[in-house]
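Here is the structure we will look at, set down as structure tokens.
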Amino acid sequence: MMPKIYQCAACAIGFAVILMGWLYVGPYRWLAEWQLEHRGKYDTFFTGLIVAVLLFLPVAGVIWIVQRWRTGGAAPSRAGRGDRSERAPASRRSRWANEVEDSVSPRGGVLRWLSWTAIFLGAVFIIIAAYMHIRAGAMTQQEHLSISALEAGTKPSSNWVSVSGIALTDAASDVVRDNTPSIRYVPIVSDPAAARGGVAAYIRVLERRMGLIETGAVAEHDGVLDELELPGPVRVDFERRGFGPAPKYFVIGFQQDPRRLKRTSAGFIRAGSYILIGGICLGAVSWWLRARFG
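Residues in the sequence shown are numbered from 37 upward in steps of one, following my numbering.
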């Protein structure tokens with residue numbers, strides 16, 4: 037198992053890569069757009085993995101150089117991993133070497149890491165689900181408005197909306213991620229000729245449900261306003277083709293409603309609870325190992 041200092045660096049870089057992918061910026065965007073230009077699609081997992089490796093290698097090199105400098109050029113001792121009583125005197129060992137020994141110790145080091153990871157992920161799932169449930173509970177009445185009102189800057193008073201406008205299905209984003217374009221984004225406009233001035237709303241819809249969207253004329257489009265903006269590559273694709281978003285725009289989850297959101301949040305709560313309980317159980321086993329074997 038890698039030393040803790042490298043684990044911390046890997047976690048920090050992993051978080052940075054996730055943030056770059058979420059915001060679609062930096063090396064993640066450069067590599068994704070290179071794939072889109074040469075292959076017509078890009079893979080989110082391998083894009084993130086390659087960026088993470090390219091960032092981790094120089095950081096690991098710097099850590100290794102600093103550690104070698106602090107230990108006078110000598111490699112850290114690997115003796116005494118099995119029993120603390122077999123360790124060399126503290127004065128002859130570096131703090132880094134002790135961290136290495138603790139991280140690979142069979143007395144629960146790996147279990148502690150898994151336990152805290154599971155507890156963190158479970159808590160995140162539950163918090164997200166609670167927010168979704170509270171948000172869905174606040175949607176007591178559907179608001180009907182026209183796309184012209186959104187284009188004029190009107191802010192809906194409810195997240196549960198029915199927007200009347202022309203859906204430009206022919207202009208739907210076709211950016212392929214992970215080899216399966218399962219989600220499509222469709223611009224809604226009041227006048228197709230004026231769409232290039234900035235689109236005020238997009239429909240987010242599963243590709244298999246594209247046929248349910250009425251197109252070619254003004255129609256009502258029901259759904260729930262998303263908290264999230266357009267994914268980075270989708271936004272860039274629209275901007276390149278002249279259907280970029282207005283300064284203030286909305287994304288509508290096609291045919292979503294409060295009841296469906298509550299069902300989804302209930303599933304997240306169950307999943308988060310299972311993960312959290314599993315993390316607590318792993319923590320208990322880790323504590324028992326440390327108490328039993330020292």
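C-beta: ideal position from N, C-alpha, C; glycine also.
Residue environment for Gln-177: exposed (fewer than 16 other C-beta atoms within 10 angstroms of its C-beta). Annotation for Gly-314: Ala-154 place their beta carbon closer than 6 Å to its own, counting only its chain and skipping 5 residues before and after. In the structure shown, the three-state DSSP call for Val-87 is helix.
By the CB criterion at 9 Å, Val-95 and Ile-49 fall inside the cutoff. For Pro-223, the closest of Val-89, Arg-244, Phe-279, Leu-325 by C-alpha to C-alpha distance is Phe-279. Comparing alpha carbon positions, the residue from Gln-71, Val-287, Arg-276, Leu-150 closest to Ile-239 is Val-287.
Gly-84 is positioned such that its CB atom lies closer than 9 Å to that of Tyr-64. Distances from the alpha-carbon of Tyr-42 to those of Val-102, Arg-171, Leu-55 put Val-102 closest.
For Tyr-64, the enclosing alpha helix (DSSP H) has its first and last residue at 62-75.
Ile-305 sits close to Ala-166, with the two beta carbons spaced by under 9 Å. For Glu-187, the three-state secondary structure derived from DSSP is helix. Spanning the alpha carbons of Phe-274 and Pro-281 requires a straight line of approximately 8 Å.
At a Cβ-Cβ threshold of 9 Å, Glu-265 and Tyr-285 count as neighbours.
One thing to note: Val-225 has its Cβ within 9 Å of the Cβ of Ile-202. Taken in chain order, the whole beta strand (DSSP E) runs of length 3 or more contained in the stretch 159-207 are 179-182, 196-203. In this structure, the alpha-carbon of Ile-183 lies about 14 Å from that of Gly-259. Cβ neighbours of Ala-307 within its own chain (closer than 7 Å, five residues either side excluded): Phe-161. Note: Phe-51 is not bridge-paired with any residue in the DSSP secondary-structure output. According to the DSSP secondary-structure assignment, Ile-219 is paired through a beta bridge with Leu-242. One Cα belongs to Leu-157, the other to Ala-229, and the distance between them is close to 47 Å. Between Leu-186 and Ala-237, the beta carbon gap of about 5 Å places them in contact (Cβ cut-off 8 Å).
Collapsing the DSSP output to three states places Glu-275 in a helix. With fewer than 16 other CB atoms across the displayed protein chains lying within 10 angstroms of its CB, Pro-283 is exposed.
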